Amino acid sequence: MRYCRFRFENEVLYGKVEDRGGEPWIVDLAHAPEEDLEFRVRHPKAVPTILDFEPIALSSAELLAPVTPSKIICVGRNYRDHAKELGNEVPAEPLLFFKPPSSLLGHKGTVVMPPQSERVDFEGELALVIGKRATKLASDADWKSYIRGYTIANDVTARDLQKKDGQWTRAKGFDTFCPVGPVVSDEVDSERGLTVETRQNGELKQQGSTLDFIFSIPELLSYITAAITLEPGDLLLTGTPAGVGPVKAGDKVEVSIAGLGVLSNTFAAAR
Ligand code: MG
Numbered sequence: 029m030r031y032c033r034f035r036f037e038n039e040v041l042y043g044k045v046e047d048r049g050g051e052p053w054i055v056d057l058a059h060a061p062e063e064d065l066e067f068r069v070r071h072p073k074a075v076p077t078i079l080d081f082e083p084i085a086l087s088s089a090e091l092l093a094p095v096t097p098s099k100i101i102c103v104g105r106n107y108r109d110h111a112k113e114l115g116n117e118v119p120a121e122p123l124l125f126f127k128p129p130s131s132l133l134g135h136k137g138t139v140v141m142p143p144q145s146e147r148v149d150f151e152g153e154l155a156l157v158i159g160k161r162a163t164k165l166a167s168d169a170d171w172k173s174y175i176r177g178y179t180i181a182n183d184v185t186a187r188d189l190q191k192k193d194g195q196w197t198r199a200k201g202f203d204t205f206c207p208v209g210p211v212v213s214d215e216v217d218s219e220r221g222l223t224v225e226t227r228q229n230g231e232l233k234q235q236g237s238t239l240d241f242i243f244s245i246p247e248l249l250s251y252i253t254a255a256i257t258l259e260p261g262d263l264l265l266t267g268t269p270a271g272v273g274p275v276k277a278g279d280k281v282e283v284s285i286a287g288l289g290v291l292s293n294t295f296a297a298a299r
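Residue numbers (the working numbering): 29 to 299.
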């Protein structure tokens, strides 16, 4: 199933997404996931009764980030060619960092380029959404049963601050630096290889297959959960292929993965 999170009249709702005539549509309301506590407080039932809801094209809906994670864990340098392009060694173990949930942004949202940075980069990535609590997963665990679905993310990075600060918290964590969406889907198969493509103003900048990961998804899950319990709704960004580059105000960056759609965001200078 594919689902999205969207604003409808004055409500935030979840919608079931299906193709109609080759285009994705929100065909019905969907269950809110258990971790969206704000939703559960407003709506005692997981699917509220909205009497006047009619199907709408996904492209005309006001989409929000389809996740409300307790944490966003990211993997750095998980493609050899990207590690090399920034002059880094291929890591012997996964390199992990966090982005805060306050950095989340939806499809078509505007990424605000902060005045503290003179170089903001895009990083197109496949992201996983955790479906059930995962602690100390063995490397041969049934890892797929812990994954609710897949989505697309842009790990926006203030490259100059990443170098200057040493710690990556600020460089990776500005408000709006984690666009995610447009949908969460369990209809794609990461093991068969998903191609991540990033376009900047229509020009192809990144193209990488998840088959080229240095660390596979089960290896990442085992490594992460040996240290950190993952909760339902948590988001895991799996790293970016080669071709990252700086944006300027007014740029449109689109990250696409077949089956998951296109995550499109524009960049603007802070006012
Ligand atoms: Mg990244």
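We put the CB at the ideal spot given by N, CA and C, even for glycine. It should be emphasised that the depicted structure is a prediction, and the values quoted were computed from it without experimental measurement.
Worksheet item: With a Cβ-Cβ cutoff of 7 Å, do VAL103 and PRO119 count as a contact?
Response: To locate residue 103, count along the sequence shown from 1; it is residue 75. To locate residue 119, count along the sequence shown from 1; it is residue 91. No, these two residues do not count as a Cβ contact at 7 Å.
Worksheet entry | Buried versus exposed call for ASP193 [16 or more other C-beta atoms within 10 Å across all chains shown] | On the sequence shown, residue 193 is found 165 positions in, with the first residue counted as 1. The residue is exposed, with fewer than 16 neighbouring Cβ atoms inside 10 Å.
Worksheet item: Can you give the Cα-Cα distance for GLY43 and LEU232, rounded to whole angstroms?
Response: Residue 43 sits at position 15 when you count from the first residue of the sequence shown. Residue 232 sits at position 204 when you count from the first residue of the sequence shown. Linking GLY43 to LEU232 through their CA atoms gives a straight-line distance of about 31 Å.
Discussion item. Tell me which residues share the same chain as PRO260 and place their Cβ nearer than 8 Å to its Cβ, disregarding the 5 neighbours each side in the sequence.
Written reply: Within the sequence shown, the letter at position 232 stands for residue 260. The residues are PRO61, GLU62, GLU63, ILE158, GLY159, LYS160, ARG161, ARG176.
Item to complete: Report all residues from its chain with a CB closer than 8 Å to the CB of ARG108; omit the five preceding and five following residues, and keep chain order.
Response: Your numbering for residue 108 matches position 80 in the sequence shown. Excluding sequence neighbours, ARG108 sits near VAL118, ASP240, ILE242.
Practice prompt. Let me know if LYS127 comes out buried or exposed under the rule of 16 or more other beta-carbons within 10 Å of its beta-carbon.
Written response: If you number the sequence shown from 1, residue 127 lands on position 99. Label assigned to LYS127: buried.
Discussion item. Following a CB-centred definition, is ASP168 positioned closer than 6 Å to any heavy atom of ligand 1?
Written reply: Indexing the sequence shown from 1 puts residue 168 at position 140. No, Cβ of ASP168 sits at least 6 Å from all heavy atoms of ligand 1.
Fill in: Proximal residues to GLY230 (C-beta, below 7 Å), its chain only, five neighbours per side dropped
As a position in the sequence shown, residue 230 is number 202, starting the count at 1. Within the same chain, GLY230 has no close Cβ partners at all.
Item to complete: May I have the straight-line CA-CA distance separating VAL45 from ILE78, to the nearest angstrom?
Response: Looking up residue 45 in the sequence shown gives position 17. Looking up residue 78 in the sequence shown gives position 50. Roughly 17 Å between the two C-alpha positions.
Worksheet item: Exposed or buried, which one is ARG227 when buried takes at least 16 other CB atoms within 10 Å?
Response: In the sequence shown, residue 227 corresponds to position 199, counting from 1. Classification for ARG227: buried.
Worksheet item: Considering only residues of the segment 102-171, which uninterrupted beta strand (DSSP E) runs meet the minimum length of 3 residues and lie entirely inside it, listed in chain order?
Response: 123-127, 138-141, 148-150, 152-158
Worksheet item: In angstroms, rounded to a whole number, what distance separates the CA positions of PRO83 and LEU57?
Response: For the purposes of this step, residue 83 is taken as residue 55 along the sequence shown, with counting starting at 1. For the purposes of this step, residue 57 is taken as residue 29 along the sequence shown, with counting starting at 1. Their backbone Cα atoms lie some 9 Å apart in a straight line.
Worksheet item: Can at least three beta-carbon pairs, one atom from the segment 194-212 and one from the segment 129-147, be found at a separation below 8 Å?
Response: yes
Discussion item. Which residue wins for smallest C-alpha separation from LEU291, given the options PRO94, ALA186, GLY50?
Written reply: Locating residue 291 in the sequence shown gives position 263, where the first residue counts as 1. When only C-alpha atoms are compared, the closest one is PRO94.
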